[in-house]
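Participant: Dropping the structure in here first, questions after.
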Amino acid sequence: MKTQEIKLKNYINAKYREEIIFTKGATESINLIASSYGEKFIKEGDEILTTELEHHSNYVPWHFLRQKKGAKIKFAPVNKRGEVEIDEIKKLISSKTKMIAVTHISNVTGAIMPIKKIVDLAKEKNIPVLVDGTQGAPHLKIDIQELDCDFYAISCHKMYGPNGLGILYAKKKWLEELPPYQGGGGMISEVLKEKISFANSPTKFEAGTMQTAEVVAFSEAIKFIEDLGIDNIQNHENEILEYGIEKLKKNNSVNIIGEPKERGSVLTFTIKGIHPHDIATILDEDGVAIRAGHHCCQILHDKMGIPATARASIGVYNSKEDIDILSKAIDNCKKIFNI
Ligand SMILES: Cc1ncc(COP(=O)(O)O)c(C=O)c1O
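Sequential numbering from 24 applies to the sequence shown in the working numbering.
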């Protein structure tokens with residue numbers, strides 16, 4: 024897998040190949056760190072600082088640590104625009120903060136978090152930063168050395184790649200420090216009855232048979248992104264997003280969720296009087312695939328006082344025509360509900 028590791032290392036501009044660890048997905052990447060880092064470095068009363076924007080993947084693993092070790096979780100609040108301001112994070116950092124775990128882009132409001140500023144703040148106090156890059160990596164150019172975070176979780180199926188594969192970037196200084204996450208074949212150096220020694224990273228964190236086909240496929244997906252150019256992808260998505268926002272704003276009774284100053288390409292909305300699951304079902308009949316529900320962000324939906332939202336996710340394959348079709352399907356949906 025060396026060729027693929029090097030491709031991914033280069034793609035995110037990591038300094039060392041061994042900083043690229045293959046996992047099952049972003050969820051497993053975050054669980055790996057919560058478990059491994061938590062086991063060694065977290066004790067009772069220590070604090071994990073996260074935000075109200077997080078996907079359950081970046082909250083539940085820390086909750087386990089809260090249960091197991093008596094750690095506390097602090098949530099930086101989301102504002103009315105659907106963003107978390109850097110000052111809110113600053114306010115919550117204390118001498119007990121042992122990890123800052125934040126998303127790069129919200130999968131509901133689309134807010135792009137100021138990761139570099141958060142890392143700079145954290146570095147002043149020697150606090151590691153984990154970034155859930157599931158929505159960040161497909162849409163933004165990732166230069167991991169410039170971001171300078173300690174951990175970055177990537178989901179390959181969000182980057183035009185296969186299901187069941189993820190990447191965990193872990194800064195070299197942690198690779199020796201962290202204990203293995205799972206035990207089994209592949210991750211060992213020597214196994215004796217009384218003593219086991221472990222392989223070096225990344226193998227130490229990759230117990231069991233590797234998803235070789237998925238890794239090769241993902242490497243091709245990276246080539247696809249590189250051929251198009253991530254900047255071109257981002258510009259295209261932003262253009263479609265802006266068009267979509269303008270179009271839906273004109274549509275009576277559609278409420279767009281979030282108005283962050285910097286936004287990734289998700290277009291989340293509600294329609295007064297129609298449940299998002301009904302919207303999704305009716306749009307599906309018109310050939311429009313959206314998602315409905317809390318999008319694994321129940322804390323955020325609780326804060327907004329709504330149980331569910333509908334979300335159109337814009338990718339490189341979408342066009343303005345797709346937005347027109349979405350808008351028409353919404354009109355049709357409103358007609359069915361007499362709205
Ligand atoms: C922001 C965010 N974090 C984490 C995940 C989970 O990623 P995975 O399916 O790779 O575990 C998702 C998936 O939707 C997501 O949008």
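Cβ coordinates follow ideal geometry from the N, Cα and C atoms, glycine included.
1) Under the rule that 16 or more other beta-carbon atoms within 10 Å means buried, what is Leu251, buried or exposed?
2) Measuring straight from C-alpha to C-alpha, what distance separates Ala183 and Phe241?
3) May I have the straight-line CA-CA distance separating Tyr39 from Glu269, to the nearest angstrom?
4) Going by C-alpha to C-alpha distance, which of Thr332, Asn341, Ile322 and Ile302 sits closest to Ile362?
5) If you run the structure through DSSP and keep just helix, strand and coil, what is Ser118?
6) Compare the Cα-Cα distances from Ile116 to each of Ile177, Leu72 and Thr293 and report the closest residue.
7) Nearest to Glu15 by alpha carbon, out of Lys121, Glu75 and Ile245?
8) Are there any heavy atoms of ligand 1 lying less than 6 Å away from the beta-carbon of Gly316, as far as the coordinates show?
9) I'd like to confirm the pairing. Which residues does DSSP put opposite Arg334 in its beta bridges?
10) Got a sec, what are the start and stop residues for the alpha helix (DSSP H) Phe241 sits in?
11) Beta strand (DSSP E) containing Ala193: first to last residue?
12) Return the first residue and the last residue of the alpha helix (DSSP H) that Thr232 is part of.
13) My guess is that Tyr266 and Ala37 are in contact by the Cβ rule of under 8 Å, so how many angstroms apart are they, rounded?
14) Answer yes or no: does any C-beta atom of chain D fall closer than 7 Å to that of Cys319?
15) What would DSSP say about Phe221, mapped onto helix, strand or coil?
16) What are the boundary residues of the alpha helix (DSSP H) that Ile167 is part of?
Facilitator: For this structure:
1) exposed
2) Reading off the sequence, residue 183 comes out as Tyr, not Ala. Distance between the alpha carbons of Tyr183 and Phe241 is about 8 Å.
3) 44 Å
4) Of the listed residues, the one whose Cα sits closest to Ile362 is Ile302.
5) The answer is coil: DSSP assigns Ser118 none of H, G, I, E or B.
6) Leu72
7) There is no way to answer for residue 15, as the model of the chain reaches only from 24 to 362.
8) no
9) Thr291 and Arg314
10) Thr235 to Leu251
11) Gly189 to Ala193
12) Counting along the chain, Thr232 falls outside any alpha helix (DSSP H), and DSSP gives it neither H nor E.
13) Not a contact, Cβ separation roughly 35 Å.
14) Of the protein chains in the structure, only one exists, and it is not chain D.
15) strand
16) Ile167 to Leu170
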